[in-house]
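Q: Below: one structure in structure tokens.
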Amino acid sequence: MAVVDPARASREPEPGPPVSPLAPPGSRLPRPLSALLFLLAPQPTLRMLQRRHGDLFSVWTPVFGQVAVAAGPELVKRVFQASPDVLSFGETSPLGEILGPGSLFAMDDSRHLRERRLILPAFHGERMRGYEDVIEEEARREMAGWAEGEEFPTLPSFMRITLAAIIRTVFGAQGSDGSELADVLPPLVTIGSRLALLRPLRRDLGPRSPGGRFRRLRARYDAIVDRLIDAGRADPALESREDVMAMLMRAHYDDGERMSRTAIADELLTLLAAGHETTATTLAWGVERLRRHPDLLARLAAEARTGEGRELRVATIHELQRSRPVIPATSRCARVDFPLGGWTVPRGRQIIVSASLIHHDPRFFADPERFDPGRFLARGVDTYTWIPFGGGTRRCPGAAFAHMEMDIVLRTLLREFTLEPTRRRGERLRDRGIANAPARGGLAVVHRRRPG
Ligand code: HEM
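Numbering follows the numbering used here, in which position 239 of the sequence shown is assigned residue number 1582; successive positions increment by one, without gaps.
As structure tokens, this is what we get:
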């Protein structure tokens, strides 16, 4: 991850040729048609505009209106390194509005940095080792129910594993509180992600309306978090607990203040919303890709079973995230007229950083449609061309957690099962609201390995 000094990276003039005061060029189609094309076929539309206008162009989108799309490493670097007083995120984040004012997604500036400082230690690479056993236990428990020889979608299983993992490692919850969280959290996040985009539906028009259901689920969620906080305060072992909630309860900001109950509730919900579906859909893409690459599958199985090294598995996860980025883009909002790539992005306009375009660009990845983890064995990943976790001061704080979790779940699968290869064409992509998933849920046919 690039280390960004926000104070320094602010209003520095753009290097290179003079900057036009005009917005980046783009589609000349009427707005409704442009928005419809984007809605029906986002990737082909973006690719076509990039071919015509270069790595920075404008397009009309249904949610944000006119946006600028950045699809080259120099542009990405400039966007990710810009100071938050130049490019913001929280003030225009629809997800932040839904998750609450205590969510990282809703914050900007010093409040955001102060909150990240509190949260980042909980996701430090070394702490992740302590969670590995929990993940393996949850993966084994779920996979014990897999039927042999029958085709089934793996995504629901991966959703259950990643949900259980977050309930235990992030919320530190077990027993009835854990089960109630498992009931409440998935519908809360699903409805919330829809309401994030459909503002008029947010009003509470009774228990059956989307706004009403959301409000009632949120009230149940807050009550569980309240109980967990009370139990934590009464727990003599709180100091030695490893879960994220216990860490947040122990932590305090630089001025000595502690996190409030609602701040903890908003933040834990944020971690769940950001970390559950994203990790599960990437794993489902893993099954979808590996069944179509039997040689790689055999090498991965051998690596997992000997227990010696995990280089190929790590490279495979990198390649999965390159070729099937489940969050295809991230965005920032220009707070001032922002010079970028020789053009000026007007104040108030969103800049979309497109991981999908960059990850499939042959200038940065030879033969980009080929699934080839080997490309990451030799050279690792680059900060501005491999961007599934975004970048700069907003880079995903859960990246190490997600990698640890995907590594352990894949290892368990490869050790316990053989996966039947298939010659069927790849699954298409389906937008689930938070992340992109294989349309058929990452179909698998498995056989349990016999000892010996
Ligand atoms: C494969 C799994 C994941 C992917 C692909 C992913 C991707 C992303 C992306 C693209 C962003 C926006 C970054 C930016 O705008 O520069 C983000 C932010 C975030 N992610 Fe993740 N994420 C994953 C897993 C997780 C996990 C496991 C957690 C926590 C348990 C998590 C917590 C967050 C949070 C809290 C933010 C907001 C950061 C901020 O605004 O400062 N993510 N993630």
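The beta-carbon is built from N, C-alpha and C at its ideal position, and this holds for glycine as well.
Identify whether T1728 lies in helix, strand or coil by the three-state DSSP scheme.
A: Correct three-state label for T1728: coil.
Q: Relative to the alpha-carbon of A1525, which residue among L1538, S1536, G1515 and A1507 has its alpha-carbon at the smallest distance?
A: For A1525, the nearest C-alpha among the options comes from A1507.
Q: Per DSSP, what are the beta-bridge partners of G1773 in this structure?
A: First, the amino acid is wrong: residue 1773 is Arg here, not Gly. Answer is A1780, bridged to R1773.
Q: Please list, in chain order, all residues of the same chain as P1668 whose beta carbon is under 7 Å from its beta carbon, the five residues on each side excluded.
A: Once the five neighbours on either side are set aside, the close Cβ partners of P1668 are A1698, S1699, H1702 and P1731.
Q: Measure the alpha-carbon distance for D1569 versus S1603 and round it to whole angstroms.
A: Their backbone Cα atoms lie some 11 Å apart in a straight line.
Q: In chain order, what residues of the same chain lie with their CB nearer than 7 Å to the CB of P1437, ignoring the 5 residues before and after it?
A: Answer for P1437: A1539 and L1540, listed in chain order.
Q: Return the bridge partner residues of E1491 from the DSSP annotation.
A: In DSSP, E1491 forms a bridge with V1789.
Q: Considering only DSSP beta bridges, list what I1695 is partnered with.
A: In DSSP, I1695 forms a bridge with V1412 and S1674.
Q: Is V1346 buried or exposed, if buried means 16 or more other CB atoms sit within 10 Å of its CB?
A: Confidence is the limiting factor: at V1346 the pLDDT is only 37, short of 50, which leaves the residue's position unreliable and the question unanswerable from this model.
Q: Please state whether DSSP places V1346 in a helix, a strand or coil.
A: Any reading at V1346 needs caution, since the residue's pLDDT is 37, under 50, leaving its predicted position unreliable; the model's value is listed next. Reduced to three states, the DSSP call for V1346 is coil.
Q: Within 8 Å, do at least three Cβ pairs link the segment 1364-1378 to the segment 1399-1407?
A: The answer is yes - the segment 1364-1378 touches the segment 1399-1407, with three or more Cβ pairs under 8 Å.
Q: What residue does the beta strand (DSSP E) around F1760 start on, and which one ends it?
A: Its beta strand (DSSP E) spans residues F1760 to L1762.
Q: Quick one: does the C-beta of V1669 sit closer than 7 Å to a heavy atom of the ligand HEM?
A: Because some heavy atom of the ligand HEM lies under 7 Å away, the Cβ of V1669 counts as near it: yes.
Q: Give a single yes or no on whether P1731 has its beta carbon closer than 7 Å to a heavy atom of the ligand HEM.
A: The answer is yes for P1731.
Q: Tell me whether T1726, by its Cβ, gets closer than 7 Å to a heavy atom of the ligand HEM.
A: Checking every heavy atom of the ligand HEM against the Cβ of T1726, none is found closer than 7 Å.
Q: Rounding to the nearest angstrom, what Cα-Cα distance links T1678 and G1535 in this structure?
A: In the sequence as presented, Thr is not what sits at residue 1678; that position holds Arg. Cα-Cα distance, rounded: 27 Å.
Q: Check whether the Cβ of V1406 lies closer than 7 Å to any heavy atom of the ligand HEM, and answer yes or no.
A: No, the Cβ of V1406 stays beyond 7 Å of every heavy atom of the ligand HEM.
Q: P1740: beta carbon under 7 Å from a heavy atom of the ligand HEM?
A: Checking the Cβ of P1740 against the ligand HEM gives yes.
Q: Which stretch, first to last residue, makes up the beta strand (DSSP E) that contains S1401?
A: S1401 -> beta strand (DSSP E) spans L1399 to T1404.
Q: For the beta strand (DSSP E) holding F1681, just list the boundary residues, first then last.
A: Where F1681 is concerned, the enclosing beta strand (DSSP E) stretches over F1681 to L1683.
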